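Protein chains in written order, with our numbering: chain A, 1153 to 1381; chain B, 323 to 630.
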């Protein structure tokens, strides 16, 4: 295990230090005093373990492929954006656009998230133990979002594919987001996925998927489109 | 892109290091807005006294203009202190309640002369350049008080000068100031309406409308919190904005969460900033931070201590 102390360093210097340790074959790196700096640990493509002892800023662990990242604090906008595979765990809250456009891997936020979490997701899993903000899952295309708490307005707006599970209250569904019965497979998936991250409480999950009305344009449904756009 | 910050000491301590905290927060956000920097500071200037900050005109003529304005004010109010620093004249006068006449009298001295703030607690200090330069010119770090706001500006639509910088004082209403990150898209429509009602606009910065709006709502009897809430209905566009009065601080977040804002609250203070890096740099340590949801409005009050 090696430590990187952020004191007095820029994001670029910290990232270069992390990359050097990774290319030296280091398996576990602890980053001290990140003080919410932006763009930390972006584009790490090796299966290393990275621990941030404190809050991080925007786009932490963006575009990564394979690492296991733990943020002991909160995260700013766009945590794990564009992730291909790996795990990112945030022990407190995250800002807007958590797990935006991820294609694989798992993002776990122990607290709550801001607006548009899981926007344009193309795979992978986003677990939010607290509440989620406005327009969560906006235009998601694949993958799964699990929200244990409540969801703000416009949940799953213009969703193409994929599924969202919500354990608490839903303030309002977005355009073309519909509630569907959970299958036995869904129940098994939820139980096993949540247990893997130590979440054992049973939630009365609702499942939200695409209604399919916005998949193709139909002049007869012009009113639906006008509202969606 | 701009950076906004706010800090309030909940204990009612009137000697909290507000200037230093705001400066540290603004410095951390400096790269979000290199055009100008400013603060709204709430201190204790004694009862029945009004602090007036006046932007003077030409550099080099500031001392002469300062004297001219001071003489003019002396005709209507007792001047307790008068000093010129940088581009500003700072006056402490007996508060006679009629802000508008005093403001008109001062501004009648010359075309470039503008009252930047008035209040029993409030002082607005802003200029073109970085937060570091604001400190070099005005030494804001030594300011103590109860709460304050700060802004670093990246201009997108209007001129870069002192007047167009933020915070904006809500002209006519003592002690109310705002800082805004975003864009009020129905600005022109609202401005025309207010101009018809006789409100004066000093700039072409859309953020100025927030101060005018709050001044109108609150002078009609709306509470601070109610005025903030109704602004959600009346403003279009993207906005995270902070506003403050003599004894409170609040935020408003737009209906689409277009603009960032994080909040932290401990038993002793409330701090808000565009990015957490400002909170970590200024206040360091382990505190919970969250991003408010859409259409959220929240206010905090300074605890009033019994007179010691």
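Even for Gly, the Cβ is constructed at its ideal location relative to N, Cα and C.
Computed from a predicted model, the values in this text were never measured in an experiment.
Residue i - partner residues in DSSP beta bridges
| i | result |
| --- | --- |
| residue 1162 of chain A | According to DSSP, which records beta bridges pairwise, residue 1162 of chain A is partnered with nothing at all. |
| residue 575 of chain B | B:562 |
| residue 1329 of chain A | A:1362 |
| residue 313 of chain B | What the structure shows of chain B is the stretch from 323 to 630, and residue 313 of chain B is not part of that stretch, so it cannot be assessed. |
| residue 570 of chain B | B:623 |
| residue 591 of chain B | B:331 |
| residue 1157 of chain A | A:1184 |
| residue 1205 of chain A | A:1184 |
| residue 509 of chain B | DSSP output for residue 509 of chain B lists no bridge partner at all. |
C-beta neighbour in chain B for residue i, strict 8 Å
| i | result |
| --- | --- |
| residue 1191 of chain A | no |
| residue 1207 of chain A | yes |
| residue 1267 of chain A | yes |
| residue 1211 of chain A | no |
| residue 1326 of chain A | no |
| residue 1320 of chain A | no |
| residue 1310 of chain A | no |
| residue 1355 of chain A | no |
| residue 1304 of chain A | yes |
| residue 1264 of chain A | yes |
| residue 1367 of chain A | no |
| residue 1286 of chain A | yes |
Three-way DSSP call (helix, strand, coil) for residue i in this model
| i | result |
| --- | --- |
| residue 1186 of chain A | coil |
| residue 466 of chain B | coil |
| residue 623 of chain B | strand |
| residue 1229 of chain A | coil |
| residue 491 of chain B | strand |
| residue 630 of chain B | Below a pLDDT of 50, predicted positions are generally treated as unreliable, and residue 630 of chain B, at 39, falls in that range; the measurement from the model is reported next regardless. Three-state DSSP puts residue 630 of chain B in coil, outside helix and strand. |
| residue 1260 of chain A | strand |
| residue 1288 of chain A | coil |
| residue 1322 of chain A | strand |
| residue 486 of chain B | coil |
| residue 1378 of chain A | helix |
| residue 453 of chain B | helix |
| residue 1220 of chain A | strand |
| residue 389 of chain B | helix |
| residue 416 of chain B | strand |
| residue 1237 of chain A | strand |
Residue i to residue j span [Cα, whole Å]
| i | j | result |
| --- | --- | --- |
| residue 1269 of chain A | residue 1343 of chain A | 22 Å |
| residue 1347 of chain A | residue 503 of chain B | 41 Å |
| residue 1227 of chain A | residue 602 of chain B | 12 Å |
| residue 1327 of chain A | residue 626 of chain B | 48 Å |
| residue 1387 of chain A | residue 1238 of chain A | Any property of residue 1387 of chain A remains undetermined from this structure, which presents chain A solely from 1153 to 1381. |
| residue 362 of chain B | residue 501 of chain B | 9 Å |
| residue 473 of chain B | residue 485 of chain B | 13 Å |
| residue 597 of chain B | residue 1209 of chain A | 7 Å |
| residue 400 of chain B | residue 416 of chain B | 6 Å |
| residue 1235 of chain A | residue 1273 of chain A | 10 Å |
| residue 392 of chain B | residue 342 of chain B | 30 Å |
| residue 1354 of chain A | residue 1360 of chain A | 18 Å |
| residue 448 of chain B | residue 1161 of chain A | 29 Å |
Beta carbon proximity, residue i to chain A, threshold 8 Å
| i | result |
| --- | --- |
| residue 579 of chain B | yes |
| residue 603 of chain B | yes |
| residue 610 of chain B | yes |
| residue 599 of chain B | yes |
| residue 453 of chain B | no |
| residue 584 of chain B | yes |
| residue 613 of chain B | yes |
| residue 437 of chain B | no |
| residue 616 of chain B | yes |
Chain-ordered neighbours of residue i on chain C, where CB pairs are closer than 7 Å
| i | result |
| --- | --- |
| residue 1228 of chain A | Structure shown: chain C not included; protein chains present are A and B. |
Where the segment 1167 to 1190 of chain A meets chain B: residues whose CB sits under 8 Å from a CB there:
1187, 1188, 1189, 1190
Between the segment 1233 to 1249 of chain A and chain B, which residues of the former have a C-beta closer than 9 Å to a C-beta of the latter?
1244, 1245, 1246, 1247, 1248
The segment 323 to 344 of chain B: positions lying closer than 7 Å to chain A by Cβ:
none
Residues in the segment 402 to 416 of chain B having any Cβ partner in chain A nearer than 7 Å
none
Output, in sequence order along the chain, the residues in the segment 474 to 506 of chain B whose CB is closer than 8 Å to any CB in chain A.
none
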